[in-house]
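Q: Below: one structure in structure tokens.
Residue numbers (this note's numbering): 1 to 255.
Printed below as a string of structure tokens:
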């Protein structure tokens, strides 16, 4: 029998690591960027982090000195202090991020990205009305509606001027109710500052307190029906991105 002259290609090991993408920032780079952005919004963050560390570290160190085990309890205190410091940093960084989003077009959509599993979120507005806006700088007068579907039902979140946002919310609510039926709850919120509004930082908290009315299978079915419904965004001028108030260059050039 003749043997083949072609050599078999060596099999790749499952443990072989994939080459790192040079354009993708590492974990420490992401944390550093997040820290710098948070401190820019709230310069007192380093002080609160230091206090949180001392609250976790000093008591255990003092107890260790009193009991004759300073290294053992000091090490535990170090771990506890670092944990408390990271928890405080996470909370303050979240607040800083929300304060930066407050008042910006598309803030509701960005806030919905913090929802936990179990929600289907539309990253782009499902309805929008640019109002008198004719260029990206005037997007402050635009009204937008974002949608999320979960076990509490359908949640519609509007932002923009009160009159336009309320009108757009009510119109989208009726549109959704015709598709999902009366058995699926439809909750509406309007983002802003006032008695009948919800702050950007409170959106996910409010949604988390809603009663669960649907099963997981029903949530998936409702989301599919709404996705098939499409979006309602004709009033937005061409070439304008409603999420970040920047011109869509591809849309301006034409397809």
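Ideal placement from N, C-alpha and C gives every residue a C-beta, glycine not left out. All figures in this text were calculated on a predicted structure; none of them were measured in a lab.
Just to check my reading of the structure: residue 92 and residue 203 have Cβ atoms closer than 8 Å, yes? What is that Cβ distance to the nearest angstrom?
A: Here residue 92 refers to the residue found at position 92 when the chain shown is read from its first residue. Here residue 203 refers to the residue found at position 203 when the chain shown is read from its first residue. Incorrect: roughly 19 Å between the Cβ atoms, too far for contact.
Q: Which same chain residues end up closer than 6 Å to residue 49 when comparing Cβ atoms and leaving out the 5 residues on each side of it in sequence?
A: As a working mapping, residue 49 is identified with position 49 in the chain shown. Cβ within range, chain order: 85, 88, 89.
Q: From the DSSP output, in three-state form, read off residue 106 for me.
A: Counting from one through the chain shown, the residue named residue 106 turns up at place 106. Residue 106: coil per DSSP, three-state reduction.
Q: Could you tell me whether the Cβ atoms of residue 99 and residue 41 are closer together than 9 Å?
A: As a position in the chain shown, residue 99 is number 99, starting the count at 1. As a position in the chain shown, residue 41 is number 41, starting the count at 1. Their beta carbons are under 9 Å apart, which means residue 99 touches residue 41 by this criterion.
Q: Flag this pair as touching only if the segment 217 to 224 and the segment 143 to 163 have three or more C-beta atom pairs under 8 Å; answer yes or no.
A: Taking 8 Å as the limit for Cβ pairs, the verdict is that the segment 143 to 163 does touch the segment 217 to 224.
Q: Do the segment 63 to 76 and the segment 119 to 126 make contact, defined as three or more Cβ pairs closer than 8 Å?
A: The answer is no - the segment 119 to 126 does not touch the segment 63 to 76, with fewer than three Cβ pairs under 8 Å.
Q: Which whole-angstrom value is the C-beta distance of residue 62 and residue 81, which I expect to be below 8 Å?
A: Position 62 of the chain shown, counting from 1, holds the residue named residue 62. Position 81 of the chain shown, counting from 1, holds the residue named residue 81. The Cβ separation is near 13 Å, so there is no contact.
Q: How is the beta strand (DSSP E) around residue 154 delimited, first residue to last?
A: Position 154 of the chain shown, counting from 1, holds the residue named residue 154. Looking at the DSSP string, the run of the beta strand (DSSP E) that includes residue 154 is 153 to 159.
Q: Alpha helix (DSSP H) containing residue 187: first to last residue?
A: As a working mapping, residue 187 is identified with position 187 in the chain shown. No alpha helix (DSSP H) contains residue 187, which is instead part of the beta strand (DSSP E) from 186 to 190.
Q: Which of the three DSSP states is assigned to residue 116 in this structure?
A: Within the chain shown, numbered from 1, the residue matching residue 116 stands at position 116. Coil, per DSSP.
Q: For residue 225, which residues in the same chain have their Cβ closer than 8 Å to its Cβ, ignoring the five residues on either side in sequence?
A: The residue labelled residue 225 in the question sits at position 225 within the chain shown. Cβ within range, chain order: 179, 180.
Q: What are the start and end residues of each continuous alpha helix (DSSP H) run of 4 or more residues lying completely inside the segment 188 to 219, in chain order?
A: Qualifying alpha helix (DSSP H) stretches, in chain order: 203 to 208.
Q: Since residue 145 is in the beta strand (DSSP E), which residue starts that stretch and which ends it?
A: As a working mapping, residue 145 is identified with position 145 in the chain shown. Counting along the chain, the beta strand (DSSP E) containing residue 145 begins and ends at 143 to 150.
Q: Can you tell which of 60, 176, 129 has its C-alpha closest to the C-alpha of residue 77?
A: Looking up residue 77 in the chain shown gives position 77. Nearest of 60, 176, 129 to residue 77, Cα basis: 60.
Q: Beta-carbon within less than 7 Å of residue 177's beta-carbon, same chain only, minus the 5 sequence neighbours each way: which residues are those?
A: Along the chain shown, read from residue 1 onward, the residue named residue 177 stands at position 177. Within the same chain, residue 177 has close Cβ partners 186.
Q: Considering just the uninterrupted stretch of the beta strand (DSSP E) at residue 128, what are its terminal residues?
A: Within the chain shown, numbered from 1, the residue matching residue 128 stands at position 128. Segment 127 to 129, the beta strand (DSSP E) holding residue 128.
Q: Can you name the start and end residues of the alpha helix (DSSP H) that residue 56 belongs to?
A: By 1-based counting over the chain shown, the position of residue 56 is 56. Unbroken alpha helix (DSSP H) run through residue 56: 45 to 67.
Q: Restricting to Cα atoms, I'd like to know which of 96, 154, 46 is closest to residue 211.
A: Reading the chain shown from its first residue, position 211 is the one you call residue 211. When each option's Cα is compared against that of residue 211, the closest is 154.
Q: Looking only at its own chain, which residues have a Cβ that is under 6 Å from the Cβ of residue 120, when we skip the five neighbours before and after it?
A: If you number the chain shown from 1, residue 120 lands on position 120. 149, 223, listed in sequence order.
Q: For residue 228, tell me which candidate among 175, 201, 200 has the shortest Cα-Cα distance.
A: The residue labelled residue 228 in the question sits at position 228 within the chain shown. If we check each option's Cα against that of residue 228, 175 comes out closest.
Q: Within the same chain, show all residues whose beta-carbon is closer than 6 Å to that of residue 209, passing over the 5 residues directly before and after it, in chain order.
A: Counting from one through the chain shown, the residue named residue 209 turns up at place 209. No residues qualify anywhere along the chain.
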